[in-house]
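Numbered per this note's numbering, the sequence shown spans residues 20 to 515.
We put the beta carbon where it would ideally sit given N, CA and C, even for glycine.
Structure record follows, encoded as structure tokens.
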Amino acid sequence: TSGAMQAPLLDVKTRQPSRTLRAFTSDPGLPIVQVDNSPGRLPAKANSDSDLFLRGAASPERSVAAEMDMRYRLLAKGFQCSADDRESEEEVGAPSGGGVSSEVATVLVILKAFVGGTMLVLPASLLQTGLVAGNITLWAVALLELWGMFKLLEAHRSNAGGSFGQLAQKALGKGGSVAVEVSIVLSQLGFTAAEMIYVAKSGAFVLSWLASNSDLAAEWLGEGSQDDWEPNLVWLQLVLAIPVSWYRDLSALTIFNVVGNLLIFGALLVLSVVTTTGLWEQGPVSELRLASPLGQVITFAGFSVFAFEGITMVIPIYVAHKNKDSFTFTLGWTIMGITALFSIFASANVVLYGDVLEPIVTLNLPSSSILRVWVSCAFALGSLTLVFLMAFPTYEIIETNLSRSSIRWVTRCAGSRSMRTAVVTLCAVLARFGGSSLDLFISGVGAIGCVPLAFVYPAAIHYCLVAETKMQQLGDVALFIFGIIIMINCTAALFV
């Protein structure tokens with residue numbers, strides 16, 4: 020939102036400040052959307068941008084998790100949300116009875132945002148990098164990403180609010196906000212494709228197990244190995260993913276997010292118990308790789324950036340947090356706790372399985388055990404539910420930008436469905452050809468889509484809007500250069 024709307028909005032009947040929800044995007048020129056907080060009432064008709072908001076299209080500055088955790092919760096309870104007014108920021112998320120996001124609630128939202136299916140593929144990538152070199156890289160990337168989050172928060176505070184895209188536009192011009200949107204699109208496409216790969220690899224094992232243990236299943240599925248099923252399952256996901264992508268009401272899809280998180284967290288819990296029990300009974304493997312060549316370390320750095328991606332959610336979570344002064348402390352210690360969780364989980368599996376560690380750790384469970392089937396099935400279904408959600412920010416960004424141009428057909432029903440079908444199909448193509456080298460694919464997504472969001476843009480924004488001392492400027496330049504180096508080297512590794 021632009022600075023023109025600083026005065027409180029008045030209710031047309033009482034002439035008192037009204038509790039409304041203000042929808043904002045990266046373009047300060049877009050109109051402010053007001054939602055009547057009367058029970059059961061919503062505007063019968065709105066302009067195109069309002070319609071996109073009310074129907075549930077995700078905001079470009081927020082990931083799907085942030086949208087569903089906060090925007091629809093705020094909308095349902097009639098809270099007020101304004102990212103450009105310091106006074107109203109203190110009331111963001113506050114219901115009429117008082118109270119907003121507590122410390123515990125903020126920690127839980129951050130945990131939910133960062134801990135997910137990537138933990139199940141992290142051990143194999145850590146194995147390739149080496150136990151010592153990989154952990155050092157993982158912690159270094161996590162701390163640098165946290166530094167980038169702090170820089171973005173400092174810019175947000177010193178400039179009286181503003182979303183990621185708005186801050187980029189203020190610091191770097193229109194090209195800055197465009198760059199942020201492009202990076203969000205690329206990262207979300209990569210996340211969606213990665214989830215499709217998780218579904219294909221875990222689902223292929225389940226189908227191959229069914230075919231070998233059930234005559235009826237063998238008759239229906241036919242003969243085929245796990246490797247044969249993987250590409251087929253990538254394309255089969257489109258049967259569900261395409262129709263769901265046509266649905267605009269993101270709030271109605273919240274159930275997919277809840278079910279997906281429960282299934283994935285359940286799989287993580289089971290695997291943690293199995294790994295701990297295995298180490299207690301079997302002990303560690305005799306030989307462990309401790310380090311690797313520099314090229315592999317840089318590739319793992321890109322993978323780690325992918326694992327810790329979440330900077331687009333920092334400002335929305337901060338705005339919803341009650342005690343603004345404590346947010347930096349809460350964010351910092353929560354991210355460090357998540358890093359410790361990632362490091363311990365991945366290291367334990369490397370120490371237990373060694374060189375026989377599979378790309379997805381669920382596949383290391385005993386093949387004869389029914390537990391492997393159920394955990395693989397839970398992970399596949401959990402990842403499938405997230406496939407439906409990951410691409411929503413991409414739809415919003417593309418539709419919003421094309422609606423402002425001469426290409427207005429995409430705002431119509433048929434045009435929008437065609438565009439969304441093309442996006443989901445593109446993700447399937449990426450999954451089909453990226454699944455053969457999962458760690459390299461994730462590293463490439465981290466380098467191309469996530470590194471600019473985590474390092475490059477926050478450093479540039481902080482340098483232009485906040486940095487005054489030489490030390491601050493040198494820190495911004497160092498973080499910027501580090502991001503460029505990771506981006507170039509990981510991208511080059513994709514073609515070597």
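- In this structure P312 is exposed. Its beta-carbon is surrounded by fewer than 16 other beta-carbon atoms within 10 angstroms.
- Contact between the region 451-459 and the region 138-157 is established, with three or more Cβ pairs separated by less than 8 Å.
- Its Cα nearest to that of S202, the residue P412 stands out among R436, P412, L513 and N508.
- One Cα belongs to Y337, the other to G181, and the distance between them is close to 12 Å.
- Judged by beta-carbon spacing, T358 lies beyond the 8 Å limit of V126, meaning their Cβ atoms are not closer than that value.
- If only uninterrupted alpha helix (DSSP H) runs of at least 4 residues are considered, those enclosed by the region 394-457 are 411-423 and 432-453.
- Rounded to whole angstroms, M168 and E328 show a C-alpha spacing of 11 Å.
- Note on S323: 16 or more other CB atoms within 10 angstroms of its CB, so buried under the neighbour-count rule.
- Unbroken alpha helix (DSSP H) runs of no fewer than 4 residues, entirely contained in the region 317-396, are found at 333-339 and 343-372, following chain order.
- Beta-carbon to beta-carbon, F325 and G465 are separated by about 3 Å, close enough to satisfy the 8 Å threshold.
- Per DSSP, C469 lies in no alpha helix (DSSP H) and is assigned neither H nor E.
- When only Cα atoms are considered, G468 and L191 end up about 19 Å apart.
- The residues E164, G167, M168, L171, F183, L472, A473 and P477, in chain order, have a CB closer than 8 Å to that of I330 in the same chain once the five nearest residues on each side in sequence are set aside.
- Runs of the alpha helix (DSSP H) spanning 4 or more residues and lying entirely within the region 178-215 occur at 183-191, in chain order.
- Here L290 is not near A397, since their CB atoms are 8 Å or more apart.
- Between A320 and the set G373, N508 and R439, the nearest pair of CA atoms involves N508.
- Counting other Cβ atoms within 10 Å of its Cβ, L309 stays below 16 and is therefore classed as exposed.
- Residue burial annotation: V448 is exposed, with fewer than 16 other C-beta atoms found within 10 angstroms of its C-beta.
- Taking 8 Å as the upper bound for CB-CB distance, L162 and H175 are not in contact here, some 20 Å apart.
- The C-alpha of L226 lies about 18 Å from the C-alpha of E214.
- Selection G209, S196, V197 and Q256 evaluated against A223 yields Q256 as nearest (Cα-Cα).
- Taking a C-beta distance under 8 Å as the contact criterion, L139 and I379 qualify as a contact pair.
- Closest by C-alpha distance to V263, out of L382, Y482, M506 and M409, is M409.
- Membership of L281 in the alpha helix (DSSP H) is indicated by the continuous run T273 to Q301.
- Taking one beta carbon from each stretch, the region 354-371 and the region 150-158 have 3 or more pairs nearer than 8 Å; the two touch.
- Counted as a single uninterrupted DSSP element, the stretch harbouring G136 is not any alpha helix (DSSP H), since DSSP gives it neither H nor E.
- Looking from the CA of V253, the closest CA among A511, A212, L288 and F499 belongs to A212.
- Taking C-beta separations shorter than 7 Å and ignoring five residues to either side along the sequence, the partners of L513 in its chain run L459 and G463, following chain order.
- A Cβ-Cβ separation of about 11 Å leaves Y217 out of contact with G279 under the 8 Å criterion.
- A365 sits away from L130, with the two beta carbons spaced by 8 Å or more.
- A direct Cα-to-Cα measurement between H340 and S362 gives close to 28 Å.
- For the pair A230 and A450, the CB atoms are not nearer than the 8 Å cut-off.
- DSSP places E173 in the helix class (H, G or I) of the three-state scheme.
- The three-state secondary structure of T488, taken from DSSP, is coil.
- The Cβ atoms of L445 and L208 lie closer than 8 Å to each other.
- Within the same chain, no Cβ atom closer than 8 Å to the Cβ of E487 is found once the five residues on either side in sequence are excluded.
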